[in-house]
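Residue numbering for the sequence shown follows this note's numbering, starting at 386 and increasing by one per position. For every residue, glycine included, the Cβ atom is placed at its ideal position computed from N, Cα and C. No experiment lies behind these values; they were computed from the predicted model shown. Read through the structure below, which is laid out as structure tokens, and then see the notes.
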Amino acid sequence: RSTWLRKSAPFAFLSDPLSAHERAYAEGETEHMLIGLLNSLDCYWISHPRALRAASWKPEQLVRARQFGFAVPESLLTNAPNELRKFRREQRSVIFKPLSDPDLASDQVDRNEREVGSLSTTIVDAEAMADLDAVAEVPCFFQSYVDKAFELRVTVIEQKVFAARIDS
């Protein structure tokens, strides 16, 4: 009567290893089948796939948070190093956050082709500011750093609120 889709994982196939072309096709077909099946279920959802996908877009999340009355740190989405320089001068401290994947898409390449591990939220210090060429390569997301005592992860199911405190 209900479904909870917490976190997706990479697909696995009986004939692994597959060629890159075979894997791309197999993943596309499997995802199409799975999402089609899940979208056709008439049940109570905790985190419907469409809602999860919609919630993954940081710029849209910030707009929605403001609409609900949350205070949102000053934010900058750019691939212009000069914009970051200006933003950093205006803020007391700045952080970088990956937009899509803190694991830097490592799950999408073979293990022997991975160049780095993960990149979590990072303070943009003087060393990082000395080498801004990477900012011009892809869109980058920066925010004013906010001191915190702890973090909360909150889940709301109908009228019930569940919260977990994270000391980070």
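Buried versus exposed, by CB contacts within 10 Å (16 or more), residue i
| i | result |
| --- | --- |
| Leu469 | buried |
| Cys525 | buried |
| Val546 | exposed |
Distance between beta carbons of residue j and residue i, contact taken as under 8 Å
| i | j | result |
| --- | --- | --- |
| Trp430 | Thr388 | 6 Å |
| Pro466 | Ala515 | About 11 Å; that fails the 8 Å criterion. |
Beta-carbon contacts of residue i that lie in its chain and below 6 Å, excluding the five residues immediately before and after
| i | result |
| --- | --- |
| Tyr425 | Looking at the sequence provided, one finds Ser at residue 425 rather than Tyr. Cβ within range, chain order: n/a, list empty. |
| Leu461 | Phe472 and Phe527 |
| Val539 | Ala548 |
Residue j beta carbon less than 7 Å from that of residue i
| i | j | result |
| --- | --- | --- |
| Ile480 | Ile508 | yes |
Residue i Cβ short of 6 Å to the ligand COA heavy atom set
| i | result |
| --- | --- |
| Tyr530 | Absent from the structure shown: the ligand COA. Ligands present: none. |
Own chain residues within Cβ distance below 8 Å of residue i, not counting five before or after
| i | result |
| --- | --- |
| Ala534 | none |
| Arg477 | Ser529 and Tyr530 |
7 Å Cβ shell around residue i - same chain, five flanking residues per side excluded
| i | result |
| --- | --- |
| Val523 | Asn464 |
Within the region 401–470, ranges of the alpha helix (DSSP H) (whole runs, at least 4 residues): Counting only runs of 4 or more, we get 405–425, 434–440 and 443–452.
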